[in-house]
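Protein sequences, first through last, are from chains S and H. The first sequence lines up with residues 159 to 423 when you count with our numbering. The second sequence lines up with residues 35 to 315 when you count with our numbering. Only one structure is covered here, and it is reproduced in the block below.
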Amino acid sequence: MFDDFLTRSILAGVAIAIIAGPLGCLIVWRRMSFFGDSLAHSALLGVALGVAIDLSPQIAVPMVTFAVCFILVAIKRRSHLPSDAVLGIIAHSTLALGLVTISLLGSYELSVMRVLLGDILSVTKQDLAIIYGGGGLILIGLFFYWRAFLAATISPDIATAEGLSPQQSEWIFMVMIALVVAIALKLIGALLITAMLVIPAAAARRLSPTPEIMAGIAILIALLAMGGGIFGSLQFDTPTGPSIVLAAAAMFGIVHLLPLEHKRR
Amino acid sequence: MRYRKAKAQDGDMPLISVENIGVQRGQNWLIRNISLKIEPGEIITIIGPNGAGKSTLAKAVLGAIPITEGQIIHHQKPSIGYVPQKLNIDNALPITVDRLMQLTARAPANARQAALAACGIEHLRKEPIGILSGGEFQRCLLARAILNKPDLLVLDEPVQGVDFAGESALYDLIRNIRDETGCAVLMISHDLHIVMAETDTVLCLNGHICCRGAPDIVASNPEYLRLFGPAVDGLAIYQHHHDHQHLPDGRVQHADGTITEDCHPDDGHHHGAPAKQGLEA
């Protein structure tokens, strides 16, 4: 059954939607979407380096996103610049370095557009194994650290005082983002991964009284967006990542048009 | 150094011993030469002007900021409930009162209900945080902090933005919690002179501990009663006993007229040894 590219990309989409829901909520609550973007841009560099030193992108991409993640934290701790400036510098330099590397390679194996925008045809069985392996890891992490993540988001001081370790959970969270970027790259592409995380979560906000319900609704919305996007991409021969994100944006619009009676939640 | 955990000891050990701690930011010492012991069931109130380092001291005791020197010993590994001075929950994060109760640890539904009832906001249990008033939110944070029956309650300005009557009611509540659970309370007051009546020890902080002692019960002093009226039940007046002045540039002028860069017990300008400080009031 895995021989059909459509089955593979739908399976990949389902896995990514399930982790994108809760992870996207945390990104929205912690205002870290720009951080996610920076890591996603560095994924392009990962692909380019992989080709340059003849390393499989499944290894090269997570290596680069993890490295950039650690560099970001190190610079953020030492720098006097605001963190969005640091992120901007790192994001755009890694993107530039990736593009320059690709053009220097002059490689026909590598289509920049495909890395940037994602491609349903490109999800291999091996990719699927990595998506489910990495996705499983992220789910386990989310399960065990959910309370700590949430406490650290609301008040690091309370979390510390009452025996949780916000610094540790921040690290784990950033590593998770690096991992999700690496596994979602093939399907969605480097340009729009963060959108796939943020939009379903943002759409779910309006329907949710608690953090857990918001994460659950975000998963549902992400699943619908994946389905709609993959179908649309196939039907109209449009790039996969943008099609999925467009479907998510449509869901966001629909949710905000719903006539909800609202006390301020 | 730092947060040493003492071995389990017999009952008359303090919960936490703070020994000569200092917290430095850049070149400046936010607080320095601070020593105090928190005994089980004791109520300690920290007072001091803005920027005196009150919240810094509380956070250092909690372990939420690193200390530069000295040590903090957690005897018997106390469990802590903390109400911070400010807590802004981003509107992007939907959360109900009941869910906030379980922020750092699970708790059974009846315990959550009991804590909310103790703080008089049981009826708000299912409400989103966003609709609470300032006083209700304060009570909600307090309910959350007492939920798991901590050994130590750290309250950073728990009565801020609450009027005199509300202040008295909140102090009643804190006293009841202490009487029922036997927890120690480390409280920061926004007022330089008026503290909770049950306070055992007042620490006046301004970078270092300027003076410490027990407060006078308002109701027992006719002079104060005349000034404040009977509405101040539950409050007490703290009389300061300073042997030095803080100058605008941060230096310290002592009673004998000399000026030093900072102020600590062994700089030769204090009339008493550290042991005497507790007796000054």
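Think of the CB as a built atom: it goes at the ideal place given N, C-alpha and C, for glycine as much as any other residue.
Taking three-plus beta-carbon pairs below 8 Å as touching, is the segment 134 to 150 of chain H in contact with the segment 64 to 78 of chain H? no
Count the other CB atoms, across all protein chains shown, that sit within 10 Å of the CB of residue 344 of chain S; report buried if there are 16 or more and exposed otherwise. buried
Inter-residue Cα distance where the pair is residue 170 of chain H and residue 194 of chain H: 12 Å
Using 9 Å as the threshold, is the C-beta distance between residue 52 of chain H and residue 70 of chain H below it? yes
Give the interface partners of residue 372 of chain S over in chain H, defined as CB-CB distance under 7 Å, in chain order. Result: 128.
Measuring only between beta-carbons, confirm whether residue 311 of chain S sits less than 9 Å from chain H. yes
Could you work out which residue in H/202, H/192, H/161, H/277 is closest to residue 115 of chain H when comparing CA atoms only? H/192
Using 9 Å as the threshold, is the C-beta distance between residue 188 of chain H and residue 230 of chain H below it? no
Check whether chain S comes within 9 Å of residue 150 of chain H, counting only Cβ atoms and requiring the distance to be less than that. no
Have a look at the DSSP bridge pairing and note the partners of residue 247 of chain H. Looking at the DSSP assignment, residue 247 of chain H forms a beta bridge with H/236.
With a CB to CB cut of under 7 Å and the five nearest residues on each side skipped, what residues in its chain are close to residue 186 of chain S? For residue 186 of chain S, where only same-chain residues beyond five positions count, the Cβ hits under 7 Å are 356, 359, 360.
Report buried or exposed for residue 104 of chain H, applying the criterion of at least 16 other Cβ atoms within 10 angstroms of its Cβ. buried
Assuming contact is defined by CB atoms lying nearer than 9 Å, are residue 253 of chain S and residue 203 of chain S in contact in what I supplied? yes
Please decide whether residue 308 of chain S counts as near chain H, where near means a Cβ-Cβ distance under 9 Å. At a cut-off of 9 Å between C-beta atoms, residue 308 of chain S counts as an interface residue with respect to chain H.
Please compile the residues from chain S whose C-beta is within a distance smaller than 7 Å of the C-beta of residue 93 of chain H. 315
Is the beta carbon of residue 333 of chain S sitting closer than 9 Å to the one on residue 194 of chain S? No, these two residues do not count as a Cβ contact at 9 Å.
Hey, is residue 422 of chain S's beta-carbon within less than 9 Å of any beta-carbon in chain H? Low local confidence applies: a pLDDT of 49 at residue 422 of chain S is under 50, so the model's placement there is unreliable, with the coordinate-based value given in what follows. At least one chain H Cβ lies under 9 Å of residue 422 of chain S.
Have a look at S/373, S/292, S/291, S/330 and flag the residue whose alpha-carbon is nearest the alpha-carbon of residue 310 of chain S. If we check each option's Cα against that of residue 310 of chain S, S/330 comes out closest.
At which residues does the alpha helix (DSSP H) containing residue 305 of chain S begin and terminate? 283 to 312
So with CB distances below 8 Å, who are the chain S contacts of residue 123 of chain H? Under the 8 Å cutoff, chain S gives 312.
Does any residue of chain H have a CB that is nearer than 9 Å to the CB of residue 322 of chain S? yes
Would you check if there are 3 or more beta carbon pairs closer than 8 Å linking the segment 174 to 189 of chain H to the segment 114 to 128 of chain H? By the Cβ rule, the segment 174 to 189 of chain H counts as touching the segment 114 to 128 of chain H, because three or more pairs are nearer than 8 Å.
Counting only Cβ-Cβ distances shorter than 9 Å, please list the residues of the segment 204 to 225 of chain H near chain S, keeping chain order. From the segment 204 to 225 of chain H, no residue has a Cβ closer than 9 Å to chain S.
Taking the CB atoms as reference points, tell me whether residue 240 of chain H and residue 82 of chain H lie closer together than 9 Å. yes
Cβ-based burial, residue 182 of chain S [other Cβ within 10 Å; buried from 16]: buried
Alpha helix (DSSP H) containing residue 216 of chain S: first to last residue? 215 to 236
7 Å CB neighbourhood of residue 123 of chain H in its chain, flanking five on each side removed: 129, 163
Beta-carbon proximity check, residue 200 of chain S vs residue 208 of chain S, cutoff 9 Å: no
Leaving out the 5 sequence neighbours to the left and right, which residues in its chain are closer than 6 Å to residue 277 of chain S when beta-carbon positions are compared? 398
So that I know if they touch, is there some Cβ in chain S lying closer than 9 Å to that of residue 188 of chain H? Residue 188 of chain H counts as touching chain S.
Neighbour list for residue 186 of chain S in chain H, Cβ cutoff strictly below 7 Å: Correct list: 126.
Please confirm if residue 319 of chain S has its CB atom under 9 Å from at least one CB of chain H. yes
Just checking: is the beta-carbon of residue 192 of chain H within a distance shorter than 9 Å of some beta-carbon in chain S? no
Could you tell me the distance, in whole angstroms, from the CA atom of residue 219 of chain H to the CA atom of residue 102 of chain H? For residue 219 of chain H and residue 102 of chain H, the distance between alpha carbons rounds to 25 Å.
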